[in-house]
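> Have a look at the structure that comes next, please.
Protein chains in written order, with my numbering: chain P, 681 to 984; chain D, 9 to 261.
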């Protein structure tokens with residue numbers, strides 16, 4: 681049987697649903713030693729801001745049961761250095777490159793998009809309105825329906841390339857944010873970004889991470905992510921990229937059943953950077969065994 | 009960098025609460041350098057989720073040794089790995105110590121488990137340079153001298169060797185150190201490294217230090233392990249990729 685693993689995110693065609701999540705693959709070079717990027721559906725860069733950002737002081741990371749907290753603070757090289765020093769490496773691969781953009785102001789989102797959109801290697805944008813670890817922008821935008829609508833609208837006016845809005849799970853009704861994105865011209869949403877969390881050292885009574893709170897990721901958040909994906913899927917007609925604690929191919933299938941057109945693998949890259957390529961292979965085997973000709977037929981195939 | 013499933017050959021309790029894990033890893037032993045590290049997945053389960061970084065303790069042919077104490081769930085699992093099981097290791101990672109140069113005597117300075125990288129270091133320098141090892145700990149149980157040469161010991165409570173910290177012991181031996189062409193190689197707790205930095209700057213000793221920081225991936229993608237650079241305040245260095253060994257002048261400790 682000829683299995684068709686390809687999926688579409690609006691106008692963006694991917695050879696399979698496996699993408700690598702922003703902030704878990706840097707700018708591609710390190711992970712390319714473990715996984716053949718050309719076999720993946722897409723990769724999403726570390727969040728880029730207009731100017732380089734130093735990020736938060738240590739500690740930035742703490743392990744929690746079945747998960748981890750991170751407060752990196754959007755450390756990145758900035759759009760100019762990215763174009764000059766990181767794009768030449770990424771150009772060598774035949775894999776859709778999605779640039780994640782983070783900003784403190786609406787104007788900064790616009791300016792980043794304007795600069796990056798001229799680079800043909802970049803096939804789409806993911807707009808980070810939901811980083812829990814920076815004071816300005818980040819969660820403040822992600823919790824504000826009007827801000828999400830306005831950012832989407834302004835970015836839409838700046839680029840003809842597909843835009844994905846990365847949604848925060850730290851809201852009570854995520855479908856409203858997906859609808860605001862859709863109504864203002866987004867091609868898709870990705871869900872979810874990390875959940876706000878913290879952890880304390882019981883001896884020192886201090887938080888385990890310098891930023892006090894961080895973003896929780898890993899298998900601990902998978903049920904939350906699935907519920908958010910399902911909520912969007914049932915209420916808003918927009919492609920969803922599912923993210924949250926994917927550890928193997930079965931988790932990918934589960935996210936697709938819940939409503940995802942594609943998925944992003946994040947924390948798993950830190951533990952087994954060779955896993956994404958293996959998961960693509962295992963998805964094909966699963967489809968073969970289950971006589972699923974087109975993997976896209978799994979999207980939102982839930983029976984409630 | 010490789011990810012391999014390495015057979016466990018033995019787990020040895022070498023001293024009070026200090027363990028050595030002996031594994032077979034020819035792909036790694038043939039290339040790893042003293043001061044480099046491995047990121048070890050202690051279990052296939054989701055808890056503990058992340059790999060644990062360990063510096064290479066010693067290498068003997070195809071055998072690789074890791075030294076650790078039981079700090080939590082991850083190291084507890086490691087200490088009880090049965091012979092014949094396998095562990096998933098990622099490495100070699102980071103930059104090791106630079107053993108070359110025109111110094112005559114390598115001065116090892118270690119506190120507690122900071123001694124871990126130095127058995128392999130000592131093995132590699134054997135016959136090439138003289139070595140003096142200054143090894144400290146809080147009490148006698150924390151002074152780890154496994155496979156080290158020419159050891160001078162210090163303990164905070166005086167239960168073993170010199171009473172005081174290891175940098176105070178260096179001060180005691182300043183004439184000896186000044187009489188030789190030395191390079192210092194160090195690993196240990198932050199308070200020790202801070203005092204050591206002052207000592208080395210004051211006496212104009214060249215010093216390489218192995219640093220540590222909580223990290224997830226170990227090879228640069230998570231950005232979880234920043235360390236402040238003395239050269240460029242605009243960005244952090246990463247312990248995993250730019251280190252873990254730095255010249256002590258180049259980083260803020």
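Heads up, the beta-carbon is just placed ideally off N, CA and C, and yes, glycines get one too.
Below 8 Å on C-beta distance, what does residue 704/P contact in chain D?
Along the first chain, one-based indexing puts residue 704/P at 24. Within 8 Å Cβ-Cβ: 229 and 230.
> Quick check: is the beta carbon of residue 225/D nearer than 7 Å to any beta carbon in chain P?
Taking the first residue of the second chain as 1, we reach residue 225/D at position 217. Chain P, which has a Cβ nearer than 7 Å to the Cβ of residue 225/D, makes this yes.
> Shorter than 7 Å from the beta carbon of residue 905/P to some beta carbon of chain D?
Here the question's residue 905/P lines up with position 225 in the first chain. No, its Cβ sits nowhere closer than 7 Å to a Cβ of chain D.
> In the DSSP assignment, the beta strand (DSSP E) including residue 43/D goes from what residue to what residue?
Locating residue 43/D in the second chain gives position 35, where the first residue counts as 1. Per DSSP, residue 43/D belongs to no beta strand (DSSP E) and is neither H nor E.
> Can you say whether residue 52/D is buried or exposed, counting buried as having 16 or more other CB atoms within 10 angstroms of its CB?
What you label residue 52/D is simply residue 44 of the second chain in a count that begins at 1. Per the 10 Å Cβ criterion, exposed.
> Quick one: give me the first and last residue of the beta strand (DSSP E) that residue 913/P is part of.
By 1-based counting over the first chain, the position of residue 913/P is 233. Per DSSP, residue 913/P belongs to no beta strand (DSSP E); it is in the alpha helix (DSSP H), 902 to 915.
> Taking C-beta to C-beta, are residue 76/D and residue 253/D nearer than 7 Å?
Numbered from 1 along the second chain, position 68 holds the residue referred to as residue 76/D. Numbered from 1 along the second chain, position 245 holds the residue referred to as residue 253/D. No, the pair does not count as a contact, with Cβ atoms beyond the cut-off.
> In terms of residues, what are the limits of the beta strand (DSSP E) holding residue 193/D?
Locating residue 193/D in the second chain gives position 185, counting from the first residue. Its beta strand (DSSP E) spans residues 190 to 195.
> Taking a cut of 8 Å between CB atoms, which residues from the segment 931 to 950 of chain P lie near chain D?
947, 949 and 950
> Residue 11/D and residue 954/P - do their beta-carbons sit closer together than 7 Å?
Position 274 of the first chain, counted from the start, is the residue given in the question as residue 954/P. Position 3 of the second chain, counted from the start, is the residue given in the question as residue 11/D. Yes. Within cutoff.
> The segment 692 to 726 of chain P: which residues have C-beta closer than 8 Å to a C-beta of chain D, in chain order?
Residues of the segment 692 to 726 of chain P whose Cβ lies closer than 8 Å to any Cβ of chain D, in chain order: 703, 704, 705, 706, 710, 711, 713, 714 and 726.
> Using a beta-carbon distance cut-off of less than 8 Å, what residues from the segment 53 to 87 of chain D approach chain P?
54, 55, 56, 57, 58 and 59
> Which complete alpha helix (DSSP H) runs does the segment 13 to 92 of chain D hold, if anything under 4 residues is left out?
34 to 37 and 81 to 87
> Is the Cβ of residue 745/P closer than 7 Å to any Cβ of chain D?
What you label residue 745/P is simply residue 65 of the first chain in a count that begins at 1. With 7 Å as the cut-off, residue 745/P counts as an interface residue toward chain D.
> Can residue 899/P and residue 867/P be called in contact, C-beta distance under 7 Å?
Position 219 of the first chain holds residue 899/P. Position 187 of the first chain holds residue 867/P. Cβ distance not < 7 Å, so residue 899/P and residue 867/P don't count as in contact.
> With 16 other CB atoms within 10 Å as the buried threshold, where does residue 853/P fall?
As a working mapping, residue 853/P is identified with position 173 in the first chain. Flag for residue 853/P reads exposed.
> Taking the runs of the beta strand (DSSP E) that are 3 residues or longer, which of them lie wholly in the segment 98 to 124 of chain D?
113 to 119
> Bridge partners of residue 253/D, per DSSP?
Locating residue 253/D in the second chain gives position 245, counting from the first residue. Beta-bridge pairing links residue 253/D to 218/D.
> Straight-line CA distance for residue 721/P to residue 957/P?
As a working mapping, residue 721/P is identified with position 41 in the first chain. As a working mapping, residue 957/P is identified with position 277 in the first chain. Using only the alpha carbons, I get a separation of about 10 Å.
> Tell me whether the segment 217 to 229 of chain D and the segment 174 to 186 of chain D touch, counting them as touching only if at least three CB pairs, one residue from each stretch, are closer than 8 Å.
no
> Give, in chain order, every residue of the segment 22 to 52 of chain D whose Cβ lies closer than 7 Å to some Cβ of chain P.
The residues in question are 49.
> Take residue 829/P and list the residues in its own chain whose beta-carbon comes closer than 6 Å to its own, dropping the five residues that flank it on each side.
Here residue 829/P refers to the residue found at position 149 when the first chain is read from its first residue. So the qualifying residues of the chain are 860 and 864.
> Measuring only between beta-carbons, confirm whether residue 894/P sits less than 7 Å from chain D.
What you label residue 894/P is simply residue 214 of the first chain in a count that begins at 1. Chain D, which has no Cβ nearer than 7 Å to the Cβ of residue 894/P, makes this no.
> Tell whether a beta-carbon distance below 7 Å holds between residue 55/D and residue 693/P.
Working through the second chain from its first residue, we reach residue 55/D at position 47. Working through the first chain from its first residue, we reach residue 693/P at position 13. No; because the gap between Cβ atoms is not below 7 Å, this pair is not in contact.
> Nearest-angstrom Cα distance between residue 755/P and residue 690/P?
Working through the first chain from its first residue, we reach residue 755/P at position 75. Working through the first chain from its first residue, we reach residue 690/P at position 10. Going by the C-alpha atoms only, they are around 30 Å apart.
> From the beta carbon of residue 741/P, is the nearest beta carbon of chain D less than 7 Å away?
Numbered from its first residue, the first chain carries residue 741/P at position 61. Interface residue, yes.
> Is the Cβ-Cβ distance between residue 82/D and residue 197/D less than 7 Å?
By one-based count along the second chain, residue 82/D stands at place 74. By one-based count along the second chain, residue 197/D stands at place 189. Against a cut-off of 7 Å, the Cβ pair of residue 197/D and residue 82/D comes out as no contact.
> Give me, in chain order, the residues of the same chain whose beta-carbon lies closer than 7 Å to that of residue 109/D; leave out the 5 immediate sequence neighbours on both sides.
Along the second chain, read from residue 1 onward, the residue named residue 109/D stands at position 101. Cβ neighbours of residue 109/D beyond the five flanking positions: 191.
> Beta carbon of residue 763/P, beta carbon of residue 803/P: below 7 Å?
The count along the first chain starts at 1 and reaches residue 763/P at position 83. The count along the first chain starts at 1 and reaches residue 803/P at position 123. No, Cβ-Cβ distance for residue 763/P and residue 803/P is not below 7 Å.
> So is residue 898/P in contact with chain D if we call contact Cβ pairs under 7 Å?
Locating residue 898/P in the first chain gives position 218, where the first residue counts as 1. Judged by the 7 Å Cβ criterion, residue 898/P is in contact with chain D.
> Under 8 Å Cβ to Cβ from residue 891/P, same chain only, skipping five residues before and after it: list those, please.
In the first chain, residue 891/P corresponds to position 211, counting from 1. The answer, listed in chain order, is 736, 740, 751, 753 and 813.
> Are the segment 202 to 215 of chain D and the segment 224 to 240 of chain D in contact at 8 Å, needing three or more beta carbon pairs?
Contact between the segment 202 to 215 of chain D and the segment 224 to 240 of chain D is absent: fewer than three C-beta pairs spanning the two stretches fall below 8 Å.
> Could you check what DSSP says for residue 748/P in three-state terms: helix, strand or coil?
Your numbering for residue 748/P matches position 68 in the first chain. In the structure shown, residue 748/P sits in a strand (DSSP, three-state: E or B).
> So, with DSSP's three-state summary, where would you put residue 233/D?
On the second chain, position 225 is the one that residue 233/D refers to. In this structure, residue 233/D counts as coil in the three-state DSSP scheme.
> Measure from the C-beta of residue 768/P to each C-beta in chain D and report whether the shortest distance is under 7 Å.
As a working mapping, residue 768/P is identified with position 88 in the first chain. Cβ-Cβ to chain D under 7 Å: no for residue 768/P.
> Which chain P residues sit within Cβ distance under 8 Å of residue 221/D?
Against the second chain, residue 221/D aligns to sequence position 213. Here the neighbours are 738 and 739.
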